[in-house]
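>
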DNA sequence: GTCCTCACG
DNA sequence: ACGTACGTGAGGACC
């Protein structure tokens, strides 16, 4: 059987979806020599549908892997031969590779054969700009039609159908939003629109009983039996598990020893398709794409302090709610899957979103050890310092007030004490931010004291107090959650707790990192990209002077200062360098005279002069900014080097909104490309460090933190550094080196 | 719930 | 004339 006949024989899982996913994937697999094995395995399976699904799922997994390390070991001649003989449609390939990857691939093939690379069309047929449409003939939602599964025969029927089908949408109901403590209450499954079931396993009775929630509700199978029956399905590589934010369900089930693989995630599909356009929560997606408002969870568990846990929800109500969620997820998946290709974000989803899920799940479950005693001691010390400062502040103010209230502070400073410059914001309140107090500090002692008080109050409430509450009772570690769709640019967000904003800039704050420790006999290793965003800017905008400075390993801010102010590097002063640094950051953020002036505390005209000079010396920057704005205005989105789309719906707005949108559009490809790079590193990391006694713990945008047995730290640094520095390759050949700095120590303060 | 403030990259 | 640096999350005050 050759590739063509395989492609012709295969269909996509989704009705109406183009069947080229399998063709392209199979073609690539053939290139890498694993098709035979695939076909052997598929041949053992009798049911045609399941055979196709196996091929498709395996193909997708292989494709993900291969795209991430596309040409590391590619047999170049074979590829060209295959491409010529099979004549794959470039548009088809473009749907799976980013344009950049495809261009790289074709260019290399052409180079090898010394021929001209083929012309590549820029736009996809079918309209890359087309908005996802809702299903034309959608089955109405009927929550009374969902099945309550409560015996083995019924469960077996569902399992048999799922095995035949090769995919299932599923959802778990639990007792907590915190996966590390959540207990499984039930599982819902859906195999077709309108067809869904709920399998309750942990519902209790007596919601009004003070000691209620302990007596087991009727109509349930034992949890162990259900998990034992479902586990083979959930771990079966030929059965795709579809979820909405499936990382949550996978983490809960992992605590029961059940692995979930392979997966698709409608939340991540929505993000790949529509980052910047709208939210990706299920309720919003359901309303937008299915025209259906799901049953609000509030209707079942209430809200606020009186909210109950899901185990106390009556089983009959839970069936409707839970099965509906699985039903919605399945319908969204059917809508989104073909859209990925049409919008040319398949490779974004396949290489940057889908494979990151298990990596993040593992990091979150691992957690990081935090020393409670250290935090507790710091909290006590902070409390004392705050009390002392508060007394001084009240003394200076001539009476007591709530130092933590910006409103009261503003009245004290500007009304009572009559200090200058009391500016009110949009809401009519006095501004008392750090920059304002900093200026006032020259007038009076009080603002400085308030600044000190605020710094300590922040450290205590947000860090030394709050972090203690996040130490898991069983693991003794802190387990953050990463939100993969948290930032429109492709960055992650960290919540509950946020471990991406642990203090580092101030000496006092940095000490909090001493509480983040390695286990006995281990060390923490921190690796961070040096100036990655400026390097990406130099690459994207093609600024020769910047590229040269990076290639020569120069101090980039000093080099910028030298170029701008005509100061030889040998005569560079810290202050000139500081100004150039601010300008470099400003460029990344979509610079404005006002913003730079405020940041540097210089007159606006002077700041504008700096910017003009900068554009003069680095003209490519202005070209990049103009081109990016023009692209956003024309297309409604901007792109990273790896094909990620960030939509800019406000780009054509009038008024101040336009400025915001333009600066965001300028920043997004830079910040987003950096985010893509570290994602690629993270996805490759588990395989790269396999066999080393090391675990990846945290990501902080341009930094990865590991815990490793002390004796293996140097080896880990060597391996992980290489993965990070080569993470853009081979999809993107950077014109400047990506450099990673490393550190190690007993705690995060030492490692950083 | 919203605003203000401030922690990070 | 206007009002601005990009991207986040969390805690406390206040309505």
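Residue numbers (the numbering used here): 2 to 753.
Heads up, the beta-carbon is just placed ideally off N, CA and C, and yes, glycines get one too.
1. In whole angstroms, what separates the C-alpha of residue 235 from that of residue 739?
2. If we ignore side chains and look at the alpha-carbon of each, how far apart do residue 389 and residue 378 end up?
3. Looking at residue 340: is its Cβ nearer than 7 Å to the Cβ of residue 274?
4. Rounded to whole angstroms, what's the CA-CA distance from residue 202 to residue 254? Just pull it up for me.
5. Excluding the five sequence neighbours on either side, which residues of its own chain have a C-beta within less than 7 Å of the C-beta of residue 257, listed in chain order?
6. Just curious, the alpha helix (DSSP H) that residue 267 is in, first and last residue?
7. With H, G and I counted as helix, E and B as strand and the rest as coil, what does DSSP make of residue 469?
8. At what residues does the alpha helix (DSSP H) containing residue 487 begin and finish?
9. Counting along the chain, where does the alpha helix (DSSP H) carrying residue 244 start and finish?
10. Which term fits residue 553, buried or exposed, when burial requires 16 or more other beta carbons within 10 angstroms of its beta carbon?
11. Is the Cβ-Cβ distance between residue 558 and residue 278 less than 7 Å?
12. I'd like the span of the beta strand (DSSP E) that includes residue 201, first residue to last.
13. So the alpha helix (DSSP H) residue 367 belongs to, where does it begin and stop?
14. What are the boundary residues of the alpha helix (DSSP H) that residue 679 is part of?
15. Report yes or no: do three or more beta-carbon pairs, one from the region 371-385 and one from the region 685-703, lie closer than 8 Å?
16. Please state whether the Cβ-Cβ distance between residue 671 and residue 534 is less than 7 Å.
17. Would you say the region 279-293 touches the region 496-507, given that touching needs at least three Cβ pairs under 8 Å?
18. Measure the Cβ-Cβ separation of residue 232 and residue 259 and say whether it is below 7 Å.
19. So, helix, strand or coil for residue 513, using DSSP?
20. Which residues share a DSSP beta bridge with residue 222?
21. Flag residue 438 as yes when its Cβ comes closer than 6 Å to any non-hydrogen atom of the ligand MG, and as no otherwise.
22. Rounded to a whole number of angstroms, what is the C-alpha to C-alpha distance between residue 501 and residue 492?
23. Near residue 703, what residues of its chain come up, given a Cβ to Cβ distance below 6 Å and the 5 sequence neighbours on each side ignored?
24. Excluding the 5 residues flanking residue 714 on each side, which residues of the same chain have their C-beta closer than 7 Å to its C-beta?
25. Measuring straight from C-alpha to C-alpha, what distance separates residue 199 and residue 223?
26. Using a 10 Å radius around the Cβ and a threshold of 16 neighbouring Cβ atoms, would you call residue 145 buried or exposed?
27. I believe residue 411 touches residue 430 by the beta-carbon criterion, under 8 Å. Please report the beta-carbon distance rounded to the nearest angstrom.
28. When burial is assigned at 16 or more other CB atoms within 10 Å of the CB, is residue 88 buried or exposed?
29. Across which residues does DSSP place residue 264 in a beta bridge pair?
30. Counting along the chain, where does the beta strand (DSSP E) carrying residue 744 start and finish?
31. Report the rounded CA-to-CA distance for residue 543 versus residue 621, giving the unit in angstroms.
32. Using the rule of at least 16 other Cβ atoms within 10 Å of the residue's Cβ for burial, across every protein chain shown, is residue 570 buried or exposed?
33. So residue 301 and residue 272 are supposed to be a Cβ contact under 8 Å. How far apart are they, rounded?
34. Measure the beta-carbon distance from residue 269 to residue 485 and round it to whole angstroms, keeping in mind my assumption that it falls under 8 Å.
35. For residue 451 versus residue 441, is the C-beta distance shorter than 7 Å?
36. By Cβ distance, which residues of its chain are closer than 6 Å to residue 682, with the 5 residues on each side in sequence left out?
Quick answer:
1. Counted from its first residue, the first chain places residue 235 at position 234. Counted from its first residue, the first chain places residue 739 at position 738. Between the alpha carbons of residue 235 and residue 739 lies a distance of about 39 Å.
2. Taking the first chain and counting its residues from 1, one reaches residue 389 at position 388. Taking the first chain and counting its residues from 1, one reaches residue 378 at position 377. CA-to-CA, the gap between residue 389 and residue 378 works out to about 17 Å.
3. As a first step, residue 340 must be located in the first chain, where it is residue number 339. As a first step, residue 274 must be located in the first chain, where it is residue number 273. Cβ distance < 7 Å, so residue 340 and residue 274 count as in contact.
4. Taking the first residue of the first chain as 1, we reach residue 202 at position 201. Taking the first residue of the first chain as 1, we reach residue 254 at position 253. In a straight line, the C-alpha of residue 202 is about 13 Å away from that of residue 254.
5. As a working mapping, residue 257 is identified with position 256 in the first chain. Sequence-distant partners of residue 257 (beyond 5 residues in either direction) whose C-beta falls short of 7 Å from its own C-beta, in its chain, are 185, 228.
6. Position 266 of the first chain, counted from the start, is the residue given in the question as residue 267. 267-275 is the span of the alpha helix (DSSP H), which, as asked, contains residue 267.
7. Position 468 of the first chain, counting from 1, holds the residue named residue 469. Here residue 469 sits in helix by DSSP.
8. The residue labelled residue 487 in the question sits at position 486 within the first chain. DSSP places residue 487 in no alpha helix (DSSP H); its state is neither H nor E.
9. Working through the first chain from its first residue, we reach residue 244 at position 243. No alpha helix (DSSP H) holds residue 244; the beta strand (DSSP E) holding it covers 241-244.
10. Mapped onto the first chain, residue 553 falls at position 552. The Cβ neighbour count for residue 553, taken over all protein chains shown within 10 Å, is under 16; the residue is labelled exposed.
11. As a position in the first chain, residue 558 is number 557, starting the count at 1. As a position in the first chain, residue 278 is number 277, starting the count at 1. Contact: no.
12. The residue labelled residue 201 in the question sits at position 200 within the first chain. Here the beta strand (DSSP E) through residue 201 covers 196-201.
13. Position 366 of the first chain, counted from the start, is the residue given in the question as residue 367. In this chain, the alpha helix (DSSP H) harbouring residue 367 covers 357-367.
14. The count along the first chain starts at 1 and reaches residue 679 at position 678. Element bounds for residue 679: 657-689.
15. When C-beta atoms of the region 371-385 are compared with those of the region 685-703, fewer than three pairs fall below 8 Å, so the two segments do not count as touching.
16. As a first step, residue 671 is located in the first chain; it is residue number 670 there, counting from the start. As a first step, residue 534 is located in the first chain; it is residue number 533 there, counting from the start. Their beta carbons are under 7 Å apart, which means residue 671 touches residue 534 by this criterion.
17. The region 279-293 makes no contact with the region 496-507; the number of CB pairs closer than 8 Å stays below 3.
18. In the first chain, the residue the question calls residue 232 occupies position 231. In the first chain, the residue the question calls residue 259 occupies position 258. Contact flag set, yes.
19. On the first chain, residue 513 is found 512 positions in, with the first residue counted as 1. Secondary structure at residue 513: helix, using DSSP grouped into helix, strand and coil.
20. In the first chain, residue 222 corresponds to position 221, counting from 1. Residue 222 has no beta-bridge partner at all, per DSSP.
21. Ligands in the displayed structure: none, and consequently the ligand MG is not present.
22. The sequence position of residue 501 within the first chain is 500, counting from 1. The sequence position of residue 492 within the first chain is 491, counting from 1. Those two C-alpha atoms are separated by around 11 Å.
23. Here residue 703 refers to the residue found at position 702 of the first chain. Answer for residue 703: 529, 530, 533, listed in chain order.
24. Within the first chain, the letter at position 713 stands for residue 714. Sequence-distant Cβ neighbours of residue 714 in its own chain, meaning closer than 7 Å and more than five residues away, are 524, 526, 745.
25. As a position in the first chain, residue 199 is number 198, starting the count at 1. As a position in the first chain, residue 223 is number 222, starting the count at 1. Taken atom to atom, the span from the alpha-carbon of residue 199 to that of residue 223 is near 14 Å.
26. Reading the first chain from its first residue, position 144 is the one you call residue 145. Exposed, since its Cβ has fewer than 16 Cβ neighbours within 10 Å.
27. Within the first chain, numbered from 1, the residue matching residue 411 stands at position 410. Within the first chain, numbered from 1, the residue matching residue 430 stands at position 429. Confirmed, Cβ separation roughly 6 Å.
28. As a working mapping, residue 88 is identified with position 87 in the first chain. For residue 88, the predicted model reports a pLDDT of 37, less than 50, meaning its position is unreliable; a value from the coordinates is still stated below. So residue 88 ends up on the exposed side.
29. To locate residue 264, count along the first chain from 1; it is residue 263. DSSP lists 242 as partners of residue 264.
30. In the first chain, residue 744 corresponds to position 743, counting from 1. Counted as a single uninterrupted DSSP element, the beta strand (DSSP E) harbouring residue 744 occupies residues 741-746.
31. Translated into positions along the first chain, residue 543 becomes position 542. Translated into positions along the first chain, residue 621 becomes position 620. So the alpha carbons of these two residues sit roughly 7 Å apart.
32. Stepping through the first chain from its first residue, residue 570 is reached at position 569. By the neighbour-count rule (16 or more Cβ atoms within 10 Å), residue 570 is not buried but exposed.
33. Start at 1 with the first residue of the first chain, and residue 301 comes out as number 300. Start at 1 with the first residue of the first chain, and residue 272 comes out as number 271. No, residue 301 and residue 272 are not in contact; Cβ-Cβ is about 27 Å, not under 8 Å.
34. Mapped onto the first chain, residue 269 falls at position 268. Mapped onto the first chain, residue 485 falls at position 484. Yes, they are in contact, since the Cβ atoms of residue 269 and residue 485 sit about 6 Å apart, within 8 Å.
35. Position 450 of the first chain, counted from the start, is the residue given in the question as residue 451. Position 440 of the first chain, counted from the start, is the residue given in the question as residue 441. For residue 451 and residue 441, no; Cβs fall outside 7 Å.
36. For this step, residue 682 is matched to residue 681 along the first chain. Excluding positions up to five away in sequence, the list reads 724, 725, 728.
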